[in-house]
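Take my numbering: the last position of the sequence shown gets the number 234, and nothing is skipped along the way.
Don't be surprised by glycine CBs; every beta carbon is placed ideally from N, CA and C.
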Amino acid sequence: MVLALSGPLAAATGLPPVEVPPVRDLGAAARLAEAGCRPLLLEFAAASCEYCDLLEEEILKPLLRNRDYDRRVLIRKVDIDDPETLKGFDGAPLGGAALADRYDVSVTPTLLFLDSAGRELSRRMVGITTPEMYGWYLDQALDEARRKLRQGGRCPGDTG
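What follows is the structure, given as structure tokens:
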């Protein structure tokens, strides 16, 4: 289960600050995730989204601090307001808003669990209505995504 230690609490406990890494190259991120047989978790966020801040502080940043999750998932952020172009899975230039459109993401925050080809592996998580249960739902989605990766023979050394 997710351990919530971030923001002021993290500072009070002496934990180093951590940020959700922005994605600049989806292909490179996908290859990195695939090499570890991990799903790629994309957080779609907006600069003015208070719920995105809540999700990051209470859920995603603690995951990034928890080394057990390094083996389970690769987390990256897509800021739909960021004018900077990123590289798509095919290497073509793409903006954050265009990527959100491609995946039909219309609400922030939204979490997608993807394989190395950009296909969704488990049910997306849209919004954050119950922060106290969110970690459990996230763990369930991660388990499903990892199971599909292994069943699909998409992990190095898998035979199917």
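Starting from residue i, follow the beta strand (DSSP E) in both directions and report where the run begins and ends.
{"i": "Leu216", "result": "Where Leu216 is concerned, there is no enclosing beta strand (DSSP E), although the alpha helix (DSSP H) it sits in stretches over 205–225."}
{"i": "Thr184", "result": "184–188"}
Could you tell me the boundaries of the alpha helix (DSSP H) in which residue i lies?
{"i": "Leu137", "result": "135–139"}
{"i": "Glu124", "result": "124–129"}
Tell me whether residue i sits in a helix, a strand or coil according to DSSP, three-state version.
{"i": "Arg105", "result": "helix"}
{"i": "Ala172", "result": "helix"}
{"i": "Leu100", "result": "helix"}
{"i": "Glu158", "result": "coil"}
{"i": "Glu194", "result": "strand"}
{"i": "Tyr177", "result": "coil"}
{"i": "Glu132", "result": "helix"}
Can you name, in chain order, every residue of its own chain whose Cβ lies under 7 Å from the Cβ of residue i, other than the five neighbours on each side?
{"i": "Phe163", "result": "Leu100, Gly101, Ala104, Ala191, Gly192"}
{"i": "Val181", "result": "Val200, Gly201"}
{"i": "Ala215", "result": "Phe187, Ser196, Arg197, Met199"}
{"i": "Leu134", "result": "Val94, Glu117, Ile149"}
{"i": "Tyr208", "result": "Ile133, Ile202"}
{"i": "Val92", "result": "Lys135, Leu138, Arg139"}
{"i": "Cys229", "result": "Cys111, Leu223"}
Leaving out five residues before and five after residue i in sequence, what residues of the same chain have Cβ atoms less than 6 Å from its Cβ?
{"i": "Val312", "result": "Lying before the first or after the last residue shown, residue 312 is absent from the chain, which here runs from 75 to 234."}
{"i": "Asp156", "result": "Gly170"}
{"i": "Ala107", "result": "Leu114, Leu148"}
What does DSSP give as the partner residue(s) for residue i in the beta ladder?
{"i": "Ile149", "result": "Leu115"}
{"i": "Val200", "result": "Thr184"}
{"i": "Asp167", "result": "A small fix is needed here, since residue 167 is Pro in this sequence, not Asp. The partner list for Pro167 (beta bridge, DSSP) reads Lys161."}
Using C-beta distances below 8 Å, list every residue in its chain close to residue i, excluding the 5 sequence neighbours before and after it, in chain order.
{"i": "Val152", "result": "Pro96, Val97, Leu116, Glu117, Phe118, Ala119, Leu160, Gly170, Leu173, Ala174"}
{"i": "Tyr125", "result": "Thr182, Pro183, Gly201, Ile202"}
{"i": "Ser122", "result": "Asp155"}
For a cutoff of 7 Å on Cβ pairs, would you count residue i as touching chain B?
{"i": "Leu129", "result": "Absence of chain B from the displayed structure is noted, only one protein chain being present."}
Notebook entry, point to check: Are the stretch 165–175 and the stretch 193–209 touching, with three or more C-beta to C-beta distances below 8 Å?
Noted result: no
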